[in-house]
Amino acid sequence: MGLKDVLKKKIDEHRPRIAKLTKEFGDVKLGEVTIGQAIGGARSVKCLVTDISYLDPVEGIRFRGLTIPEVMEKLPKPKGKDYPYVEGFWYFLLTGDVPTMAQAEEVVEDFKKRAQVPQYVIDVLRAMPRDTHPMTMLSAAVVAMQRESKFAKFYAEGFNKMTAWESMYEDSCDLLAKLPEIAAYIYRMKYKGDTPIASDMSLDFGGNFAHMMGIPAPYDDVARMYFVLHSDHESGNVSAHTTHLVASALSDAYYSLSAGLNGLAGPLHGLANQEVLGWIQDVYAKLGGKVPTKEDLKKFLWDTLNSGQVIPGYGHAVLRKTDPRYTSQREYCQKYLPEDELFKVVAMIYDVAPDILMEHGKAKNPWPNVDAQSGVIQWFYGLREYDFYTVLFGVGRAIGVLANITWDRALGYPIERPKSVTTDMLEAAAGIK
Ligand code: CMX
């Protein structure tokens, strides 16, 4: 059975569970909402459902029940490579089944048929001023392709709730398969003297991306690792939630992903990895262009905090421990670039920042998140244009959010519409008015 057939079976099995919960247990309470949560970004309010990934505050992310090391170990890898096929990971996120090598390779072949980027998308990119942020370019390229949407056509021709997921799945595969070429095109056009490299259809998602970026091995494995790590972080983060929210209006995958990418472009979310590297470089330059002493570094961190800035790459809205995505990349650095000066600075920040953040007393989580490590690896392999880093995050994040909106349609989730209240109402609830 191919991926779509396996997915259909899973959807048919899953639908009665949701129907039963809604019909018979719809009134069961999951929690209460406080004034603090209503004002404070709905932190910890349990009102989203996803089976693609779950974020435990202490343990970190599990994809379909597997930890990051388990995913990296169990999923099929291209021959001679250390990290799994992105296509196999897509299979895994959609179905919850670890694919066999043959199943993963079937998706690799399927993606190749979907991968060609229409010329008008290239024209759209080329028409934009070259100093446009690459996230703006990525988002624009995605929404420009909306005319390709099979879901939108399906809706226009007479919508059927039971089969709507099929065209959402088709759009998601079409879109995902094109992202490596779009991202690499933006990179080569914007930063490498407008020298795009043609796609090599003999390669998988990660391999072809590295090839089109013009960066030799092991960057293909770095790309696979990076895309898997950044794919999903349950549903409440800005990019995942935005994509889900927009899709809940029956907007198609192109509209929805483009919106999610715009959220990812914010400095408190995906843009943080660009900010981290700029900040680390600043640390490095200001402290003499060498690995600083711990004392100098501590002072620099305090200066950052005292000037009202956050320490980028540290803290998290849900996590309360070191992010396993950070750990995974740290292990990569320890293996492949232990002597790299920037990695040494990053490692030293890890030694001193948590204590300082604890003493500072504001951040609920003083530990690093994914963004504190990722830029250093990219820098090491020559990808030094750090405003591009969020684009890499965006390609990875697309895997998770597209899997989610395919399931959203499969389970017929309704349009999202939480209720708002006024400040007067809050004061009345607080008994002060
Ligand atoms: N440095 C300094 N102060 C920090 C901090 C940090 N790294 N992290 C949180 N704080 C501060 C907050 O700004 C907030 O201060 P105010 O009360 O003055 O507003 C206070 O601590 C409480 O915040 P929190 O509840 O711990 O964190 P939030 O859930 O509000 O925000 C996050 C989470 C990630 C936005 C925040 O920790 C932050 O700004 N970190 C730096 C940016 C970053 O690394 N973002 C990447 C997130 C990863 C991802 O995108 O998945």
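FYI, in our numbering the residues of the sequence shown are 756 to 1188. Backbone N, C-alpha and C fix where the C-beta goes; we use that ideal spot for every residue, glycine too. Just so it is clear, the structure is predicted and the values come from calculations on it, not from any experiment.
- In this structure I807 is in contact with G1155, their Cβ atoms being roughly 6 Å apart against a cut-off of 8 Å.
- Contact check for L776 against Y924 fails: the beta carbons are separated by 8 Å or more.
- The beta carbon of I1111 lies closer than 6 Å to those of L1056 in the same chain, with the five residues before and after it left out.
- Here G843 is buried: its Cβ has 16 or more other Cβ atoms, across all protein chains shown, within 10 Å.
- In summary, I790 is exposed, with fewer than 16 beta-carbon neighbours lying within 10 Å of its beta-carbon over all protein chains present.
- The Cβ-Cβ distance between Y942 and F1143 falls below 8 Å.
- Placement of the Cβ of L1112 at a distance of less than 7 Å from at least one heavy atom of the ligand CMX is found.
- Among the bridge pairs identified by DSSP, R798 is matched with none.
- Cβ atoms of A1153 and L934 come within 8 Å of each other, at about 6 Å.
- Cβ-Cβ distances below 7 Å link Y1081 to P1123, N1124, V1125, A1127, Q1128 in the same chain, with the five nearest sequence neighbours on each side left out; the list follows chain order.
- M1113 sits exposed, since fewer than 16 C-beta atoms from the chains shown fall within 10 Å of its C-beta.
- Distances from the CB of A1153 to the heavy atoms of the ligand CMX are all 7 Å or more.
- For A1014, the closest of M890, V1100, M1180 by C-alpha to C-alpha distance is M890.
- Within the same chain, Cβ atoms closer than 6 Å to the Cβ of S986 are found at G1151, I1154, G1155, the five residues on either side in sequence being excluded.
- With 16 or more other Cβ atoms from the protein chains shown falling within 10 Å of its own Cβ, S1011 counts as buried.
- The shortest C-alpha to C-alpha distance from H888 to any of T1048, E1140, E903, Y840 is the one to E1140.
- DSSP places R817 in the strand class (E or B) of the three-state scheme.
- With contacts defined by Cβ atoms closer than 8 Å, D1163 and A1002 form a contacting pair.
- D949 carries a coil assignment under DSSP once its states are collapsed to helix, strand and coil.
- Pairing P812 with L1074 gives a Cβ-Cβ distance under 8 Å.
- With respect to the 8 Å criterion, L1032 and G1130 are classified as neighbours on the basis of their beta carbons.
- Counting the other CB atoms within 10 Å of its CB gives G1070 a total of 16 or more, which places it among the buried residues.
- Between L1097 and the set V1046, F909, L931, K778, the nearest pair of CA atoms involves V1046.
- Checking the 7 Å criterion, the Cβ of R798 is within range of a heavy atom belonging to the ligand CMX.
- By the CB criterion at 8 Å, P1067 and E1030 fall inside the cutoff.
- Boundaries for L810: no alpha helix (DSSP H) harbours it, while the beta strand (DSSP E) harbouring it runs 808–811, taken from the DSSP string.
- For W920 against T1161, the beta-carbon gap comes to about 6 Å, under 8 Å, which counts as contact.
- Listed as beta-bridge partners of P935 by DSSP are no residues whatsoever.
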